[in-house]
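One structure below.
There are 2 protein chains.
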Amino acid sequence: MSVNIHEIARRCNVSIATVSRVLNNKGPVKPSTREKVLQVAREMNYRPNSSARSLSTRKTDTIGVILPELVDEFFMSLIHELDEVAHKYGKYLLISSSHSSRNDMETIYEFMAGGRVDGIIIMAPKINKQIQNILKNNIRPVVLLNCDVPHNYAVRIKIDNYHGARSVTKHLIEHGYKRIAMVKGPSGNQDAESRWNGFMQEMEANGLAVNEKLILEGDFTLRSGYYAFLRLLNMDSTEKPEAIFFANDMMALGAYHAAHVLKIKFPEDIAVVGFDDIFTGRIVHPGLTTVHMPISEMGRKSMEYLIKLIEGEEELIGHEEVLSTGLVIRESCGCTQNWLPGDI
Amino acid sequence: MSVNIHEIARRCNVSIATVSRVLNNKGPVKPSTREKVLQVAREMNYRPNSSARSLSTRKTDTIGVILPELVDEFFMSLIHELDEVAHKYGKYLLISSSHSSRNDMETIYEFMAGGRVDGIIIMAPKINKQIQNILKNNIRPVVLLNCDVPHNYAVRIKIDNYHGARSVTKHLIEHGYKRIAMVKGPSGNQDAESRWNGFMQEMEANGLAVNEKLILEGDFTLRSGYYAFLRLLNMDSTEKPEAIFFANDMMALGAYHAAHVLKIKFPEDIAVVGFDDIFTGRIVHPGLTTVHMPISEMGRKSMEYLIKLIEGEEELIGHEEVLSTGLVIRESCGCTQNWLPGDI
DNA sequence: CTGAAAGCGCTTACAG
DNA sequence: CTGAAAGCGCTTACAG
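Line by line, the protein sequences give chains A and B.
Quick note on this note's numbering: the first sequence kicks off at 21 and runs consecutively.
Quick note on this note's numbering: the second sequence kicks off at 21 and runs consecutively.
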């Protein structure tokens with residue numbers, strides 16, 4: 021249908037080889053014929069067919085992105101950043117999330133073995149043996165996000181949940197709270213485990229005992245935070261926590277919801293902190309003290325590393341990088357308001 | 021590098037034509053050779069090369085998605101839904117947002133003329149003549165989202181901002197408010213204009229005069245809502261509005277921010293409503309009354325239409341569909357709490 | 001500086 | 001039911 025290289029060649033009275041050479045700026049071409057070809061191509065709105073080119077060069081200029089889900093600010097920010105960087109390097113993004121029906125493996129295989137992409141960025145809850153085999157046996161490079169698998173075949177980027185959790189726990193301790201509760205994330209979840217470890221070790225490092233009753237498990241949802249909060253509030257006053265560390269902001273927001281119903285005030289009645297630094301935590305009152313996730317940085321670095329790998333920097337393979345988190349102090353922890361009107 | 025059809029053919033002692041036939045379930049093949057081929061293909065983990073296949077069939081099984089930006093719940097929900105439906109039909113998603121450096125036209129052209137996709141879903145603030153020409157002159161089908169251009173070459177799906185605005189305005193009027201202010205979105209913006217029209221017409225239909233001073237223009241950001249709110253509050257009591265309709269939730273949330281600083285209570289001191297139904301509006305206290313955008317529906321329908329177009333249902337071309345919005349009543353308008361503890 | 005030709009990995013009439 | 005061959009639109013040694 022659309023114009024191809026033969027048509028250009030015909031109109032310019034040259035061979036397709038010559039046309040290809042000028043279009044790709046490769047090999048010597050007489051300036052005058054170069055001009056001619058360029059002009060005709062422009063006039064005809066010529067665009068090389070990407071399939072044909074890929075078939076021949078084995079390059080697609082496409083990056084595969086596989087994410088566990090496509091909900092939340094988290095993934096939107098990540099995609100946003102991936103898109104920015106990809107665009108900067110002239111790459112396109114083939115995005116997919118894990119689905120119940122078509123599992124990750126299928127998608128990964130289609131992307132990799134089907135030759136749809138030049139490389140792949142994966143964030144998957146579980147990278148099983150089968151997937152690892154696919155990744156290992158494919159020449160196309162891989163960047164793994166927040167994954168906890170052997171990775172001598174891939175670049176791996178992680179977020180430092182552990183130290184983030186320690187720092188926010190430390191912050192609570194510095195406020196003088198001693199009975200600190202934690203609402204954990206779901207067991208088995210990578211992020212949840214690290215945050216939990218960080219909390220425990222910081223408590224221990226400060227000689228604070230952790231009352232087992234003050235450790236609840238949630239599932240990262242608003243709802244589970246809401247109920248965990250209710251349970252904690254119902255303890256008798258000798259045990260009731262002075263502060264609660266929710267393993268993510270969403271659960272902390274569940275507590276906000278309950279607090280409104282019960283007329284409980286943060287931080288006067290009880291202090292709460294979260295983890296993730298989602299937008300809503302900035303807006304609620306009082307502002308939610310939390311830990312910032314370096315999502316943009318994760319997006320940027322993963323894309324940059326992948327592109328370098330694609331360009332052949334093999335010495336990067338096996339590289340691991342841990343991105344640090346940052347404490348975001350607002351008011352729910354007991355600090356006084358640290359923003360001015362207008363500072364929004 | 022990876023195994024190809026020749027290798028399969030060689031091992032099965034058949035021609036590549038036969039292999040191709042069984043792989044595509046096309047043409048007659050003796051059951052026993054079919055079995056053999058299938059087995060060998062499985063053993064070798066064979067996967068057809070997508071570029072080669074596309075080059076030959078002119079199909080990519082890929083859908084191009086071009087969005088104005090990749091931030092906000094709005095786009096995340098949209099992408100989420102597109103991904104769901106695409107996956108259901110075995111399609112892949114090539115996603116790009118508008119960029120300053122590479123404009124939409126470039127991307128669209130690369131997707132369409134470069135043969136990277138079978139069809140395209142576009143949501144772009146401005147579809148200029150040049151882009152329209154590209155779309156019109158390409159055989160590949162197009163679905164336009166919330167666009168206001170002639171579209172006899174594309175399916176177009178819009179959201180009914182106008183009636184959404186009327187219904188939320190009506191709701192305020194039914195509460196007995198007479199001096200109702202509106203903080204508009206940026207002029208020139210499609211959604212902003214429709215919402216503004218809806219507001220004006222509903223006011224008029226109820227015989228309510230609109231004081232020009234009560235009409236402010238924002239730019240859909242938190243910040244602009246914050247300042248608009250401050251300005252409205254500073255009016256003298258004879259003019260000061262009893263209720264404010266913010267053209268989107270984000271601006272309404274700016275008002276929440278200011279309200280906390282100034283110790284102003286919604287809806288006791290002043291009622292506020294928004295538009296969009298973003299997550300944060302559910303969490304803040306009091307809950308923000310707003311208008312729900314049928315984003316998932318938009319995503320689902322646009323993908324389904326596009327796939328039908330790709331499959332050749334030409335009679336759909338030119339079809340336009342307007343999706344209705346829905347009033348979401350919470351408490352910021354003056355209604356009493358309509359959710360129970362635990363109902364989150 | 002340029003062109004003829006092979007090849008990338010597939011699909012698909014066509015002939016048998 | 002099967003295979004040889006052409007073709008999809010490019011790139012790239014190779015020869016001139």
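In this text, a Cβ means the ideal position worked out from N, Cα and C, and glycines have one as well.
Query raised in the report: By the criterion of Cβ-Cβ separation under 7 Å, what are the contact partners of isoleucine 99 (chain B) in chain A?
Result: The residue you call residue 99 (chain B) lines up with position 79 of the second sequence. Here the neighbours are Leu90.
Query raised in the report: Which residue's Cα is closest to the Cα of threonine 345 (chain B): B:Arg30, B:Arg186, B:Val34?
Result: As a working note, residue 345 (chain B) is residue 325 in the second sequence. It is B:Arg186.
Query - isoleucine 36 (chain B) versus asparagine 24 (chain B) - alpha carbon distance - result: If you number the second sequence from 1, residue 36 (chain B) lands on position 16. If you number the second sequence from 1, residue 24 (chain B) lands on position 4. For isoleucine 36 (chain B) and asparagine 24 (chain B), the distance between alpha carbons rounds to 10 Å.
Query raised in the report: Just how far apart, CA to CA, sit arginine 215 (chain B) and histidine 183 (chain B)?
Result: Mapped onto the second sequence, residue 215 (chain B) falls at position 195. Mapped onto the second sequence, residue 183 (chain B) falls at position 163. Going from the Cα of arginine 215 (chain B) to the Cα of histidine 183 (chain B) covers about 8 Å.
Query - Bridge-paired residues (DSSP) for glycine 196 (chain A) - result: The residue given as residue 196 (chain A) occupies position 176 in the first sequence. DSSP lists no partner for glycine 196 (chain A).
Query - Chain-ordered residues of the stretch 292-313 of chain A with a beta carbon less than 7 Å from chain B - result: Phe299, Thr300, Ile303, Val304, His305
Query raised in the report: Does the beta-carbon of valine 342 (chain B) have 16 or more other beta-carbons within 10 angstroms, so that it is buried, or is it exposed?
Result: Taking the first residue of the second sequence as 1, we reach residue 342 (chain B) at position 322. Exposed.
Query raised in the report: Does the beta carbon of serine 70 (chain A) sit closer than 7 Å to a beta carbon anywhere in chain B?
Result: Translated into positions along the first sequence, residue 70 (chain A) becomes position 50. By this cut-off, serine 70 (chain A) is an interface position.
Query raised in the report: Of all the CB atoms in chain A, is at least one closer than 7 Å to the CB of alanine 29 (chain B)?
Result: Locating residue 29 (chain B) in the second sequence gives position 9, where the first residue counts as 1. Taking Cβ atoms only, chain A never reaches closer than 7 Å to alanine 29 (chain B), which makes this a no.
Query raised in the report: Given threonine 356 (chain B), which residues of its chain have a CB within under 8 Å of its CB, disregarding the five upstream and five downstream residues?
Result: In the second sequence, residue 356 (chain B) corresponds to position 336, counting from 1. There are no such residues.
Requested in this report: Go through the stretch 227-286 of chain A residue by residue and report every complete run of the beta strand (DSSP E) that reaches 3 residues or more, in order.
Outcome: 235-237, 263-266
Requested in this report: Tell me whether isoleucine 264 (chain B) is buried or exposed, calling it buried when 16 or more other Cβ atoms sit within 10 Å of its Cβ.
Outcome: One-based indexing of the second sequence puts residue 264 (chain B) at position 244. Buried: at least 16 other Cβ atoms inside 10 Å.
Query raised in the report: Would you say aspartate 103 (chain B) faces chain A, with C-beta separation under 7 Å as the test?
Result: As a working note, residue 103 (chain B) is residue 83 in the second sequence. Yes, contact with chain A.
Query raised in the report: Which term fits proline 287 (chain A), buried or exposed, when burial requires 16 or more other beta carbons within 10 angstroms of its beta carbon?
Result: The count along the first sequence starts at 1 and reaches residue 287 (chain A) at position 267. So proline 287 (chain A) ends up on the buried side.
Query raised in the report: Between histidine 313 (chain A) and isoleucine 179 (chain A), is the Cβ-Cβ spacing less than 7 Å?
Result: As a working note, residue 313 (chain A) is residue 293 in the first sequence. As a working note, residue 179 (chain A) is residue 159 in the first sequence. As written in the sequence, residue 313 (chain A) is methionine, which differs from the histidine given in the question. Yes, they are a contact pair.
Query raised in the report: What does a CB cutoff of less than 6 Å around cysteine 32 (chain B) pick up in its chain, not counting 5 residues either side in sequence?
Result: As a position in the second sequence, residue 32 (chain B) is number 12, starting the count at 1. Counting only Cβ-Cβ distances below 6 Å, and skipping sequence neighbours, we find Lys56, Val57, Val60.
Query raised in the report: So, is the C-beta of tyrosine 112 (chain A) closer than 7 Å to a C-beta in chain B?
Result: Counting from one through the first sequence, the residue named residue 112 (chain A) turns up at place 92. Yes - at least one Cβ of chain B is within 7 Å of the one on tyrosine 112 (chain A).
Query raised in the report: Between isoleucine 142 (chain A) and isoleucine 86 (chain A), which are expected to be in contact by the criterion C-beta below 8 Å, what is the C-beta distance as a whole number of angstroms?
Result: Position 122 of the first sequence, counted from the start, is the residue given in the question as residue 142 (chain A). Position 66 of the first sequence, counted from the start, is the residue given in the question as residue 86 (chain A). About 5 Å separates the two Cβ atoms, so the contact holds.
Query raised in the report: For a contact meaning CB atoms closer than 8 Å, what does glycine 139 (chain B) contact in chain A?
Result: Taking the second sequence and counting its residues from 1, the one referred to as residue 139 (chain B) is at position 119. By Cβ distance, chain A contributes nothing, its closest Cβ being about 14 Å from glycine 139 (chain B), past 8 Å.
Query - 8 Å contact criterion, which serine 22 (chain A) and leucine 165 (chain A) should meet: CB distance rounded - result: Taking the first residue of the first sequence as position 1, residue 22 (chain A) is located at position 2. Taking the first residue of the first sequence as position 1, residue 165 (chain A) is located at position 145. Wrong, their Cβ atoms sit about 38 Å apart, outside the cutoff.
**Report entry** Residue burial classification, histidine 191 (chain A) (beta-carbon count within 10 angstroms, cutoff 16)
**Finding:** Here residue 191 (chain A) is taken as the residue at index 171 of the first sequence, counted from 1. Label assigned to histidine 191 (chain A): buried.
**Report entry** DSSP three-state assignment for histidine 312 (chain A), whether helix, strand or coil
**Finding:** Position 292 of the first sequence, counted from the first residue, corresponds to residue 312 (chain A). Strand at histidine 312 (chain A).
Query - the stretch 240-247 of chain A / the stretch 66-75 of chain A touching (three or more Cβ pairs under 8 Å) - result: no
Report task. Flag this pair as touching only if the stretch 35-50 of chain A and the stretch 92-100 of chain A have three or more C-beta atom pairs under 8 Å; answer yes or no. Result -> no
Query raised in the report: Can you name the start and end residues of the beta strand (DSSP E) that valine 163 (chain A) belongs to?
Result: Within the first sequence, numbered from 1, the residue matching residue 163 (chain A) stands at position 143. Start and end: 162-165.
Query raised in the report: Grouping DSSP H, G and I as helix and E and B as strand, with all else coil, what is glutamate 104 (chain A)?
Result: The sequence position of residue 104 (chain A) within the first sequence is 84, counting from 1. Helix, per DSSP.
Query raised in the report: Under three-state DSSP, which class holds methionine 223 (chain A)?
Result: Position 203 of the first sequence, counted from the start, is the residue given in the question as residue 223 (chain A). Methionine 223 (chain A) falls in the helix class under three-state DSSP.
Query - Runs of alpha helix (DSSP H) lying entirely within the stretch 88-147 of chain A, each at least 4 residues, in chain order - result: 92-108, 124-132
Query - Coil, strand or helix - threonine 356 (chain A) by DSSP - result: Locating residue 356 (chain A) in the first sequence gives position 336, where the first residue counts as 1. Threonine 356 (chain A) falls in the coil class under three-state DSSP.
Report task. Determine the contact status of methionine 202 (chain A) and isoleucine 159 (chain A), defining contact as a CB-CB distance below 7 Å. Result -> Position 182 of the first sequence, counted from the first residue, corresponds to residue 202 (chain A). Position 139 of the first sequence, counted from the first residue, corresponds to residue 159 (chain A). Their beta carbons are not under 7 Å apart, which means methionine 202 (chain A) does not touch isoleucine 159 (chain A) by this criterion.
Query raised in the report: Apart from the five residues just before and just after histidine 339 (chain A), which ones in its own chain have a Cβ nearer than 8 Å to its Cβ?
Result: The sequence position of residue 339 (chain A) within the first sequence is 319, counting from 1. Excluding residues within five positions, the ones whose Cβ falls inside 8 Å are Val175, Arg176, Tyr325.
Requested in this report: Determine the DSSP secondary structure at isoleucine 298 (chain A), reduced to helix, strand or coil.
Outcome: Position 278 of the first sequence, counted from the start, is the residue given in the question as residue 298 (chain A). Coil, per DSSP.
Query - Segment limits, alpha helix (DSSP H) that includes lysine 156 (chain A) - result: Here the question's residue 156 (chain A) lines up with position 136 in the first sequence. Start and end: 149-157.
Query raised in the report: Hey, quick one: how far does the beta strand (DSSP E) through lysine 178 (chain A) stretch, first residue to last?
Result: Counting from 1 along the first sequence, the entry for residue 178 (chain A) is found at position 158. Here the beta strand (DSSP E) through lysine 178 (chain A) covers 175-179.
Report task. Give the interface partners of methionine 96 (chain B) over in chain A, defined as CB-CB distance under 9 Å, in chain order. Result -> If you number the second sequence from 1, residue 96 (chain B) lands on position 76. Going along chain A in sequence order, the residues near methionine 96 (chain B) (Cβ under 9 Å) are Leu90, Val91, Asp92, Glu93, Phe95, Met96, Ile99.
Query raised in the report: Are three or more beta carbon pairs between the stretch 299-317 of chain A and the stretch 265-274 of chain A nearer than 8 Å?
Result: yes
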